[in-house]
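K.L.:
In this note's numbering, the protein residues as written are 1 to 419.
The C-beta atom is built at its ideal place from N, Cα and C for all residues, glycine as well.
Take this structure, written in structure tokens, and hold onto it; I'll ask about it next.
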Ligand code: AMP
């Protein structure tokens, strides 16, 4: 028997209402904040992610689904969406549009990770990006928008973690201090951090190893070493967050390891963040577009995993809301009635009214069971006697009441009920 590949999952119809609810909430949120949808390919040139996600990251080093296709192109299934979106921004000359260009996407991402609860190899992200603006008010708006999504979906007890990691002006001097500090305690670092000390020192701050965490507690903090423009940007952002009544926690250990990330980084954590990790994360990437061959373009974005949100929605509301209206059911007895029932069902559907007609050769009782299982509010019964009288019997399934409707009026009557 075939099974879905490890780390992938099927979204069966019974789970679809939660996905629909989430997509609707996202679309509404994006319209509210002025974001337009964009779709970009599921795969891109491997080099785009090597540059856009960054050599030295776990994603690029260990987690990409990369292959050489039959035309000898190096291809990778997208592990995240930002690289593709900024590639599209550059490729389509979107710098000529009014800035910032605000775009969002929902779709599959692929990472070769060790599957566990809430961690998949193919998963879905909602991702939004505001490209072409450096104003800290935009940072605050992006943070507020991310925060609102979870509030709109009924999450409680979340925390908003915020930090500034400076920019290429101030960060090198800060990283030097950080490396000097960790060199002093090098022999007590975990193996991974021994490597990070050279390759990606900022990432030592968010190492999960308890020893490293204890050592990081006394490490220099980026917020204490910002240059004046970065400090002003951060202060302005915090001011806007306060005006918007957004409760945030300053977290000086929140980092992104790559040079093109600048200034603002933030994450939204669930109450049990320790066991699950962030619900979503974002930040400024003023250096990214240059990195992939465009002009320097200040930008900021956010991504959140959709599976983790759906899991929460299911817990909150185990009884799934219906995805579609229950149909009017057309039951029949006998061959002529069967044809008539089919004809009526088609006439209703072609007018956009949900209608269903049982299949095969079932007793009327069995057909009524079909009606209950589909939640049909009304059943039209076409029996031989009724047809002979030019009538059908209309049964209200909620009250059990039944009345006759002339066949000539059947379509209009049923269509009105189906609305
Ligand atoms: P990242 O792009 O790594 O910052 O991830 C952003 C968000 O996507 C995370 O906070 C998770 O909610 C979600 N996410 C990342 N990786 C996975 C995965 N392997 N499976 C499910 N969700 C994921």
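(1) Compare the Cα-Cα distances from residue 155 to each of 315, 67, 10 and report the closest residue.
(2) Under 8 Å: do the region 349 to 362 and the region 387 to 407 share three or more Cβ pairs, one atom per stretch?
(3) Which one of 236, 57, 26, 409 has the shortest CA to CA distance from residue 201?
(4) Could you check whether residue 252 and residue 221 sit closer than 8 Å to each other, using their CB atoms as the reference points?
(5) For residue 301, tell me which candidate among 295, 280, 294, 243 has the shortest Cα-Cα distance.
(6) Cβ of residue 22 within 8 Å of Cβ of residue 313?
(7) Can we count residue 113 as close to the ligand AMP, meaning its CB is less than 7 Å from some heavy atom?
(8) From residue 306 to residue 346, what distance separates their C-alpha atoms?
(9) Between residue 79 and residue 111, is the Cβ-Cβ spacing less than 8 Å?
(10) Would you mind giving the Cβ-Cβ distance between residue 204 and residue 234, rounded to the nearest angstrom? I have them listed as a contact below 8 Å.
(11) In the DSSP assignment, the beta strand (DSSP E) including residue 305 goes from what residue to what residue?
(12) Do residue 44 and residue 83 come within 8 Å of each other at the CB atom, strictly closer than that value?
(13) Going by C-alpha to C-alpha distance, which of 264, 332, 389 sits closest to residue 226?
(14) Buried or exposed: residue 70, going by 16 or more other Cβ atoms within 10 Å of its Cβ?
(15) Would you check if the distance between the CB atom of residue 333 and the CB atom of residue 384 is smaller than 8 Å?
(16) With a threshold of 7 Å (Cβ to nearest heavy atom), would residue 123 be considered close to the ligand AMP?
(17) At a threshold of 7 Å, does residue 61 count as lining the ligand AMP (C-beta to nearest heavy atom)?
(18) My guess is that residue 149 and residue 87 are in contact by the Cβ rule of under 8 Å, so how many angstroms apart are they, rounded?
(19) If you pair each beta-carbon of the region 238 to 249 with each one of the region 184 to 198, do three or more pairs fall below 8 Å?
(20) Bridge partners for residue 405 per DSSP, in chain order?
(21) How would you label residue 1, buried or exposed, when you count the other beta carbons within 10 angstroms and need 16 or more for buried?
(22) Rounded to the nearest angstrom, what separates residue 399 and residue 414 at their Cα positions?
(23) Examine the ligand AMP and report whether any of its heavy atoms sits within less than 7 Å of the Cβ of residue 120.
(24) In its own chain, which residues sit with a C-beta less than 8 Å from the C-beta of residue 90, not counting the 5 before and 5 after it?
(25) Between the alpha carbons of residue 64 and residue 120, how many angstroms are there, rounded?
(26) Please list the terminal residues of the continuous alpha helix (DSSP H) segment that includes residue 365.
(27) Ignoring anything shorter than 4 residues, give me the alpha helix (DSSP H) runs that lie fully in the region 119 to 207, in order along the chain.
(28) Is there at least one non-hydrogen atom of the ligand AMP closer than 7 Å to the beta-carbon of residue 15?
(29) Please tell me whether residue 100 and residue 320 are closer than 8 Å, where the distance is taken between their beta carbons.
(30) Check the C-beta distance from residue 340 over to residue 387 and give it rounded, since I have them as a contact under 8 Å.
(31) Can you tell which of 236, 162, 12 has the C-alpha that lies nearest to the C-alpha of residue 267?
(32) Roughly how far, in whole angstroms, is the beta-carbon of residue 168 from the beta-carbon of residue 259, given that I think they are within contact range, below 8 Å?
(33) Report, in whole angstroms, the separation of the C-beta atoms of residue 378 and residue 328, which I expect to be a contact under 8 Å.
(34) What do you reckon, is the C-beta of residue 308 under 7 Å from a heavy atom of the ligand AMP?
(35) Return yes when the C-beta of residue 129 is under 7 Å from any heavy atom of the ligand AMP, and no when it is not.
P.N.:
Taking the definition as stated:
(1) 315
(2) no
(3) 57
(4) Closer than 8 Å, so yes.
(5) With distances taken between Cα atoms, residue 301 lies closest to 280.
(6) yes
(7) yes
(8) About 37 Å.
(9) yes
(10) About 22 Å separates the two Cβ atoms, so there is no contact after all.
(11) 299 to 305
(12) yes
(13) 264
(14) exposed
(15) yes
(16) yes
(17) no
(18) Residue 149 to residue 87, Cβ: 25 Å. No contact.
(19) no
(20) 392
(21) exposed
(22) Rounded to whole angstroms, the gap between the alpha carbons of residue 399 and residue 414 is 17 Å.
(23) yes
(24) 289, 292, 293, 294
(25) Each residue's CA atom was taken as its position, placing residue 64 and residue 120 some 13 Å apart.
(26) 364 to 373
(27) 136 to 152, 171 to 184, 191 to 199
(28) no
(29) no
(30) 7 Å
(31) 162
(32) Taking 8 Å as the upper bound for CB-CB distance, residue 168 and residue 259 are in contact here, some 6 Å apart.
(33) 5 Å
(34) yes
(35) no
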